[in-house]
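Protein chains in written order, with this note's numbering: chain V, 371 to 784; chain X, 28 to 396.
Here a beta-carbon is modelled for each residue, glycine too, at the ideal position from N, C-alpha and C.
To keep things clear, I will list the structure first and then write my remarks on it.
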């Protein structure tokens, strides 16, 4: 089966290849709007505790929107499992977080005096947080896969979250020592692990031919763009710095700021282009028994979704900023009345902006980001080859508790 | 003649999908393979459930039983649901109203317990923690947060962080600080700076660091008015209120980011601005500050005149808002000020020459690093 990821399939509804399997997306926007708004309303008065129920509702909705051969997926996880997972992690991590915070606070108060402490605390917390992020990502994925049901059969993710985290560290190390050049090869180290350990029922997924090689050409272009940008910024900064010695203190030129902005934007687009290609390539290498996959998702479509999401978010922020401004002005008059730090205004503003941003993103993210992305992804996915699902047997139940750690570290995703 | 309804069935053992017909019997549902007529399963009516939260249009059933909980039946005809309900099936488990009430009550109780732990418990604990901090640590914290607050103030007013440094003005301020300081029973080391920003305000920071705004000195009509504000801030510092406020804010930040799953709170700089003292702390600082003025032989009428003029400037809405803000109302403060009498030999806070110098402190400035 030859498939060239360089030429994405340009169609939204792929035809079902003769005898192949067929994916489709069942869109029910109003049902989603109802879920998103009720979630947003319940989040604040419950001090955020509702998010376990919110997440579960959204997952049940999104899972049931995906059809394979006419049969919808099902999410069988419960909010209770997520809540218990969270409480256990809180019990373990709250004391650790507090001690770390106090040490960091202490170290930052006098970096000279507490230099050794400062360096140690920072190094330990960066490494352990990174480790936990990778660990949590894998565990959360294991939980989600074990709670995914299709035709009465569960998915699953075997393997060890710690091994995955170590592979991620290895990959980061390899890319760092090669100044980023070997990043695509390094990237495949943890990616291959997660694919090989995934399964649906008794049948494993695999990616025997996965390699960084086909990604190199595009990656080097991204890297080149990055280094050229850094070089130009450094050169401009140096020229600016030379001016300082001549006695005049030059204002940073607006042109410089404009260049940096354009440069960052350009790098982001370049990175998008690479990331979408990478996803397409990885999907093209996954096998499930005799079945193979191909994704026709394009950079343009993903960028367009990202753009619309960003625009809706900026609109929200402007509206909230306006609201906060009114509050600050209103309370500001009162604040002038007290002599010392009187801050009803800022407190109210921060509280309202925080609460509304939380509510806003819990509405916008499922509606403007997850839904269009998932829909696009499912509609452009082609499954090639045929497997006899009668041969796929049920497996064990998977983890008992939800993804507590990932929830706290915010890597749980949807 | 019984009706057969079309459906799809997966048995929970393999991913095979069976085209079936279902038939309502006395005990429940019989699931029969469509072509051969072989009975694949018989579902007892009391265990049949709809899938939780399935969107409208999806008609999926499962069994509420430990052994067969994975098997799924997808109906193609909604009629079956009505028939099942008519036969007494509990398709969606509704908790009894007593149970739902107790879950709601439990949630409200949990929220209340957490809120009161946050509102009453944590401040007490934070005060204890603040008291344990070593002195030079608090001092360093004060120096760092002074930098932060000067930067935050500058950002608020879109200016560059600037300190007023005219030598005579700085000397006059320092003289005033050391005079007031002598009025406290157990003075600490104080260090005051004037920051150039268009806001009438003053801040006490950990370790005796004080920030006064240039606008406050401009608004004041006598050195006693500045002294009244300074004594209040110095009283905060003596009682370690800023340190306590910052430890409280740090704790709230940790908790909020834990409970809301993301960083909903603020950075340290904002924490200083928002680490409002409690009303008790304000009242304490007022009382202690006034006593210090009295014992330093400074006339305390500055407080009264300053607040009266501020009240005239602000109007009545300040009274309403004082319920929300943490400061006592003007009226309360003026009444409290009248309760403490000046010493017979009380005099001005600065002589006219020094006062003139203080008012010109911003004739010379330097950027705050």
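Review point. Can you tell me the Cα-Cα spacing of residue 739(V) and residue 419(V), whole angstroms?
Key: 23 Å
Practice item. Could you tell me how far apart the beta carbons of residue 164(X) and residue 255(X) are, in whole angstroms, since I believe they sit closer than 8 Å? Key: Residue 164(X) to residue 255(X), Cβ: 31 Å. No contact.
Check your understanding: What is the residue span of the alpha helix (DSSP H) that residue 538(V) lies within?
Key -> 531–547
Point to revise | Which listed residue (765(V), 412(V), 634(V) and 449(V)) has its alpha carbon closest to that of residue 602(V) | key: 634(V)
**Study point:** Residue ranges of each beta strand (DSSP E) within the stretch 122–156 of chain X, 3 or longer
**Key:** none
Check your understanding: Using 9 Å as the limit for Cβ to Cβ distance, is residue 79(X) near chain V?
Key -> yes
Review point. Between residue 253(X) and residue 226(X), what straight-line distance do the alpha-carbon atoms span, to the nearest angstrom?
Key: 14 Å
Practice item. Measure from the C-beta of residue 57(X) to each C-beta in chain V and report whether the shortest distance is under 9 Å. Key: no
Check your understanding: At a Cβ cut of 7 Å, what residues of the stretch 402–433 of chain V count as close to chain X, listed as they run along the chain?
Key -> 416, 417, 418, 421, 427, 430 and 431
Check your understanding: Listed from N- to C-terminal order along the chain, which residues in the stretch 95–112 of chain X have their beta-carbon within a distance smaller than 8 Å of any beta-carbon of chain V?
Key -> 97, 98, 99 and 101
Check your understanding: Smallest Cα separation from residue 337(X): which of 248(X), 257(X) and 271(X)?
Key -> 248(X)
Check your understanding: Out of curiosity, what's the CA-to-CA distance linking residue 764(V) and residue 572(V)?
Key -> 6 Å
Review point. If you count every other CB in all the chains shown that lies within 10 Å of the CB of residue 567(V), and 16 or more means buried, which is it?
Key: buried
Point to revise | Between the CA atoms of residue 756(V) and residue 661(V) - distance to the nearest angstrom | key: 6 Å
Review point. Which residues in the same chain as residue 528(V) place their Cβ atom closer than 6 Å to its Cβ, once the five residues preceding and following it in sequence are excluded?
Key: 567
Review point. Quick one, which of 645(V), 599(V) and 656(V) has its alpha-carbon nearest residue 629(V)'s?
Key: 599(V)
Review point. Contact check, residue 235(X) vs residue 221(X) under 8 Å by CB: the rounded distance?
Key: Actually they do not touch by this definition, with Cβ atoms about 16 Å apart.
Review point. So, using beta-carbon positions, are residue 565(V) and residue 652(V) closer together than 9 Å?
Key: yes
Point to revise | Straight-line Cα distance separating residue 159(X) from residue 382(X) | key: 39 Å
Review point. Since residue 760(V) and residue 43(X) are thought to touch, with beta carbons under 8 Å apart, how far apart are those beta carbons, to the nearest angstrom?
Key: 4 Å
Practice item. Just tell me which of 530(V), 627(V) and 560(V) has its CA closest to the CA of residue 544(V). Key: 560(V)
Check your understanding: What's the C-alpha gap between residue 541(V) and residue 507(V)?
Key -> 16 Å
Review point. How about residue 261(X) and residue 237(X): are their beta carbons less than 9 Å apart?
Key: yes
**Study point:** Sheet register partners of residue 57(X) (DSSP bridge)
**Key:** 50(X) and 69(X)
Review point. Using the C-alpha atoms, what's the distance from residue 438(V) back to residue 63(X)?
Key: 26 Å
Check your understanding: Which whole-angstrom value describes the C-beta separation of residue 204(X) and residue 168(X), a residue pair presumed to lie in contact below a C-beta threshold of 8 Å?
Key -> Not quite, the Cβ-Cβ distance comes to about 20 Å (not below 8 Å), so this is no contact.
Point to revise | Contact list for residue 159(X) against chain V, beta-carbon separation under 9 Å | key: Going along chain V, no residue has its Cβ under 9 Å from residue 159(X), so there is no contact; the nearest lies around 10 Å.
**Study point:** Residue span of the beta strand (DSSP E) that contains residue 437(V), given as start and end
**Key:** 436–438
Check your understanding: Can you list the beta strand (DSSP E) stretches of 3 or more residues lying completely in the stretch 181–248 of chain X, in chain order?
Key -> 189–191, 218–222, 229–232 and 236–240
Exercise for review: Please classify residue 298(X): is it buried, with 16 or more other beta-carbons within 10 angstroms of its beta-carbon, or exposed?
Suggested key: Residue placement at residue 298(X) cannot be trusted, given a pLDDT of 45 that sits under 50; what the coordinates show is reported in the next sentence. It counts as buried.
**Study point:** Residues within the stretch 129–149 of chain X neighbouring chain V, beta-carbon criterion of under 9 Å
**Key:** 134, 137, 138, 141 and 142
Point to revise | Environment of residue 434(V) [buried if 16+ CB atoms lie within 10 Å] | key: buried
Exercise for review: For residue 85(X), go through chain V and note every residue whose CB falls closer than 7 Å to its CB, in chain order.
Suggested key: 434 and 442
Exercise for review: Locate the beta strand (DSSP E) running through residue 664(V), then write down its first and last residues.
Suggested key: 661–665
Check your understanding: Can you tell which of 324(X), 112(X), 181(X) and 148(X) has the C-alpha that lies nearest to the C-alpha of residue 275(X)?
Key -> 148(X)
**Study point:** residue 120(X) versus residue 76(X) - alpha carbon distance
**Key:** 8 Å
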